Amino acid sequence: MTRSVSGSSISQQPQNNNNAAASSSSSSSSWNPESAVPLEIKQLLIPKQTTSSSYSYILAFHQILDLLKSQKRTGWLNHNISNPESISDHMYRMSIIAMSLNSSNFPENNNEKLDLSKCVKISLIHDIAEALVGDIVPHDTTVNKEEKNKREYNTILYMSQLIKNYNPIFAQEIIESWLDYEEQRNFEAKIVKDIDKYELLLSAFHYEREYKGEKDLSEFFSARELIKTQEIAKIADELLKERDLFWRNIKKIN
């Protein structure tokens, strides 16, 4: 599905509402990005004679990013993982994984060199809307996929509006990078999709080891079948070998 990238407006007045992840229970007709912005950040969006709006708005955007550090990934919370990774933890490791790849090892790209810098940007942007939308998992019964996509897209437009007066180039780039991932518009986005699945496998195995085999997170490892590029698949398969050895040793102990 191709989306228009026309901007959304930003209200100048703060609204009374709660922040972030709890918004997933809101009805589809009432939810909007600003309703999820904490009140203390909304204060920055009220025009002031003493401060340029471009600076107060970019400061608001930077503070919204802070929400990614405190929001834990829903899948791990649902499995009672103690102190699981945050959304920003996930995106940060994805970006480092992207940087670490050998761009020459991707023959699927028709012999064109993989743009790893684009992979890094997409990795850092792809879940950024979750700062306000929250981490809504596929089996969430309160928010369907269409509504989730709509909320995330509207949030990206909202963030872009916050950025636009200060840095119009990045304001457009955040939209384009997000759309690259969501619509899989280029090879770099496809690589990031595979990195996303691989990072999930890494985290699942980390928690299995952390709990010394008391938690079997096998259901997450079906993500391996969704990895399409040969290089990421090879790396993921090395992880699976290590996991197999781990579980064999656990069975010997028991």
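Mind the numbering: the sequence shown is residues 1 to 254 in the UniProt record's numbering, read in order.
Note that the Cβ used here is the ideal one computed from N, Cα and C, for glycine as well.
Given the structure is predicted, the values throughout are model-derived calculations rather than measurements.
Could you give the distance in angstroms between the alpha-carbon of Tyr198 and the alpha-carbon of Ser52?
For this step, residue 198 is matched to residue 198 along the sequence shown. For this step, residue 52 is matched to residue 52 along the sequence shown. Going by C-alpha positions, Tyr198 is about 43 Å away from Ser52.
According to DSSP, simplified to helix, strand and coil, what is Lys72?
Taking the sequence shown and counting its residues from 1, the one referred to as residue 72 is at position 72. Of the three classes helix, strand and coil, the one that applies to Lys72 here is strand, per DSSP.
Kindly indicate which residue of His62, Phe221, Asn32, Val37 has the alpha-carbon position closest to the one of Tyr166.
Working through the sequence shown from its first residue, we reach residue 166 at position 166. The shortest C-alpha separation from Tyr166 is found at His62.
Is it right to say Ile90 is buried, meaning 16 or more other beta carbons lie within 10 angstroms of its own, or is it exposed?
Taking the first residue of the sequence shown as position 1, residue 90 is located at position 90. Note that residue 90 corresponds to His in the displayed sequence, not to Ile. It counts as buried.
What residues match up with Ser86 in a beta bridge as DSSP calls it?
As a working mapping, residue 86 is identified with position 86 in the sequence shown. Beta-bridge pairing links Ser86 to Lys72.
Are three or more beta carbon pairs between the segment 132–140 and the segment 99–118 nearer than 8 Å?
Three or more beta-carbon pairs separated by less than 8 Å are not found between the segment 132–140 and the segment 99–118, which leaves the two stretches without contact.
Is the beta carbon of Ser88 sitting closer than 8 Å to the one on Val192?
Here the question's residue 88 lines up with position 88 in the sequence shown. Here the question's residue 192 lines up with position 192 in the sequence shown. It is not a contact, given that the beta carbons lie outside the stated cut-off.
Starting from the C-beta of Ile250, find all residues in its chain whose C-beta is less than 6 Å away, skip the five residues before and the five after it, and write them out in chain order.
What you label residue 250 is simply residue 250 of the sequence shown in a count that begins at 1. Result list for Ile250: Gly213, in chain order.
Straight-line CA distance for Leu114 to Glu225?
For the purposes of this step, residue 114 is identified with residue 114 of the sequence shown, where counting begins at 1. For the purposes of this step, residue 225 is identified with residue 225 of the sequence shown, where counting begins at 1. Cα-Cα distance, rounded: 22 Å.
Compute the distance between the beta-carbons of Ile97 and Ile227, then report whether it is under 8 Å.
Within the sequence shown, residue 97 is the residue found at index 97, counting from 1. Within the sequence shown, residue 227 is the residue found at index 227, counting from 1. Cβ distance not < 8 Å, so Ile97 and Ile227 don't count as in contact.
Closer than 7 Å by C-beta to residue 257: which residues in its own chain qualify, once you throw out the five before and the five after it? Chain order, please.
An answer regarding residue 257 cannot be provided, because it is not within the stretch 1 to 254 covered by the chain.
For Val133, the three-state DSSP class (helix, strand or coil)
Residue mapping note: residue 133 aligns to position 133 of the sequence shown, counting from 1. Residue state, collapsed to three classes: helix.
Skipping 5 residues on each side, what residues in its chain have a beta carbon closer than 7 Å to that of Ala171?
Sequence index remark: in the sequence shown, residue 171 carries index 171 (1-based). Counting only Cβ-Cβ distances below 7 Å, and skipping sequence neighbours, we find Ser160, Ile163, Lys164.
Below 8 Å on the Cβ atoms is my guess for Ile125 versus Ile174; work out the distance and round it to an integer in Å.
Looking up residue 125 in the sequence shown gives position 125. Looking up residue 174 in the sequence shown gives position 174. Yes, Ile125 and Ile174 are in contact; Cβ-Cβ is about 6 Å, under 8 Å.
Starting from the Cα of Asp66, find the closest Cα among Leu101, Ala129, Ser95 and give me that residue.
For the purposes of this step, residue 66 is identified with residue 66 of the sequence shown, where counting begins at 1. For Asp66, the closest of Leu101, Ala129, Ser95 by C-alpha to C-alpha distance is Ala129.
Would DSSP call Ser25 helix, strand or coil?
Counted from its first residue, the sequence shown places residue 25 at position 25. Bear in mind that a pLDDT of 43 at Ser25, under 50, signals an unreliable position, so the model cannot answer this.
Short check: CB of Glu85 to CB of Ser203, under 8 Å?
In the sequence shown, the residue the question calls residue 85 occupies position 85. In the sequence shown, the residue the question calls residue 203 occupies position 203. Result yes, Cβ atoms of Glu85 and Ser203 sit closer than 8 Å.
Going along the chain, which residues of its own chain have a beta-carbon closer than 6 Å to the beta-carbon of Thr74, five neighbours each way excluded?
Taking the sequence shown and counting its residues from 1, one reaches residue 74 at position 74. Correct list, in chain order: Asp135, Val137.
Check whether the Cβ atoms of Leu77 and Ala60 lie closer than 8 Å to each other.
Indexing the sequence shown from 1 puts residue 77 at position 77. Indexing the sequence shown from 1 puts residue 60 at position 60. It is not a contact, given that the beta carbons lie outside the stated cut-off.
For Leu101 and Cys119, the rounded distance between their alpha carbons
On the sequence shown, position 119 is the one that residue 119 refers to. On the sequence shown, position 101 is the one that residue 101 refers to. When rounded, the distance between both Cα atoms is 10 Å.
Leaving out five residues before and five after Phe246 in sequence, what residues of the same chain have Cβ atoms less than 8 Å from its Cβ?
Position 246 of the sequence shown, counting from 1, holds the residue named residue 246. Beyond the five residues adjoining it in sequence on each side, Phe246 comes within less than 8 Å, by CB distance, of Phe205, Glu208, Arg209, Gly213 in the same chain, given in chain order.
Can you list the alpha helix (DSSP H) stretches of 4 or more residues lying completely in the UniProt domain "HD" (87–201), in chain order?
As far as the UniProt domain "HD" (87–201) is concerned, its whole alpha helix (DSSP H) runs of at least 4 residues are 87–100, 116–125, 130–133, 145–164, 168–183.
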